[in-house]
Amino acid sequence: MKHAYVLATLAALNALPAAIAWGVSGHHAVGLVAEQFLSKNAQAFVSDILGESYHSSLALASTWADSVRDQPEYKWSAELHYMNTKDSPRTNSCTVELERDCPGGRCIVAAMGNYTWHLLQAAQPRAQAEEALKFLIHFLGDVGQPLHTEALALGGYQLPVICEGQVTNLHWVWDEAILDSRIVRQFHGSVRHFASWLVRDMKHGAMSRTVASWYKTPWSLQSYKEQIISDSEAQAPFYNAVYDEDTYLEWTREANAHACTTVFDYRMREELCEGRYANMAFQVIIGQIAKQGYRLAQTLNDIVDAVEPELRPRF
Ligand SMILES: [Zn+2]
């Protein structure tokens, strides 16, 4: 693997745009893909919870978590958007370890477990269910971005790189720049066209052969339900998340593995938003958005199936 090189000064870093997650396009695409794989019951569940404020749309609700993370009352949520994985991608060692990388449960894996748990609670105020759903939608998107599962250089924020001739940082290139430039050039600037193209490939094209392998229900949502019913008076401590090494942690490992194969594989002064690197990165981005969209839908389908119809929230 080639090394990434620091190209610019700290002054240049300070002028960088404040990108904070998969950009809007990435999150919208995950939501739009997911909407095409939701069961009828899950569609009704989502509609009940999101209501008219988001036109029952996973895509429209998908960026709420980024919009509030800098507000004082939601500052606590900022570190839940990623996993500070302290591995060594430059020596080709990509590993994710919960104890090392998620101290105190303050990371995206714990957050996904936590908000799954919250959505399984039958009785809760609408606002609480809506917040849990919006966090879950967002974090299932973020976890697919390889630099949200990597601590090196603050997930790439501290690595100045070249994108369309300008100095920017590696994190932003992965969050937004490569995807947005492809959407402009190949999909008439429409995230909806991009997502439709992905869904067609997932249902009828090359990806259709592997889609079913992207998700399995390894944890027993039934046992969640029993736990909730038997302990219905208990308030879940925020970080009493249920970790599941077969699901959320596995997805984190999958995203993190791209740090060893693709993310840091560029040369000094290489243009990253066009040509070789952009082509390689876009293939990863396509796969990750498709997977996370499908996984979001199946997670919601499973959550809804685990709650008896009469116990599902109705608002
Ligand atoms: Zn985020």
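In case it helps, mature numbering (1 follows the signal peptide of the UniProt record, and there is no 0) puts the sequence shown at residues -21 to -1, 1 to 294. We put the beta carbon where it would ideally sit given N, CA and C, even for glycine. Since we're looking at a predicted model, the values are computed, not measured.
Quick check for students: name the residue ranges of the alpha helix (DSSP H) that lie wholly in the segment 34 to 66, counting only runs of 4 or more.
37 to 40, 43 to 47
Taking one C-beta from the segment 112 to 123 and one from the segment 4 to 22 each time, how about it: are there three or more such pairs within less than 8 angstroms?
yes
Segments of 3+ residues assigned as beta strand (DSSP E) that fall wholly inside the segment 152 to 202
none
Heavy atom of ligand 1 within 7 angstroms of aspartate 49 beta-carbon:
no
Look at aspartate 80 and methionine 62 and say whether their C-beta atoms are less than 8 angstroms apart.
yes
Compute every distance between the C-beta of histidine 150 and the non-hydrogen atoms of ligand 1, then say whether any falls below 7 angstroms.
no
Buried or exposed for serine 56, going by 16 or more other Cβ atoms inside 10 Å?
buried
Please state whether DSSP places glutamine 124 in a helix, a strand or coil.
coil
Taking asparagine 148 as part of the beta strand (DSSP E), name the residues at either end of that continuous run.
145 to 148
Counting Cβ pairs, one atom from each stretch, are 3 or more of them under 8 angstroms apart for the segment 87 to 100 and the segment 120 to 134?
yes
Please go through the segment 70 to 98 and give each complete alpha helix (DSSP H) segment of 4 or more residues, from N-terminal end onward.
77 to 80, 87 to 98
When you compare each of Glu78, Tyr194, Lys113 to tyrosine 94 by their alpha carbons, which one comes out closest?
Lys113
Alpha-carbon to alpha-carbon, proline 104 and leucine 39
21 angstroms
When DSSP labels each residue in this structure, what does aspartate 281 get in the three-state scheme?
helix
For tyrosine -17, does the three-state DSSP call read helix, strand or coil?
Residue placement at tyrosine -17 is flagged as unreliable, the pLDDT there being 30, under the threshold of 50; the coordinate-derived value follows with that caveat. Three-state result, tyrosine -17: coil.
Bounding residues of the alpha helix (DSSP H) (the contiguous stretch that carries valine 140)
That residue, valine 140, is in no alpha helix (DSSP H); its beta strand (DSSP E) goes 139 to 142.
Pair within 8 angstroms by beta-carbon distance, glycine 30 and aspartate 159:
no
Taking the alpha carbon of leucine 228 as the point to measure from, which residue in Gln100, Gly272, Met91 has its own alpha carbon closest?
Met91
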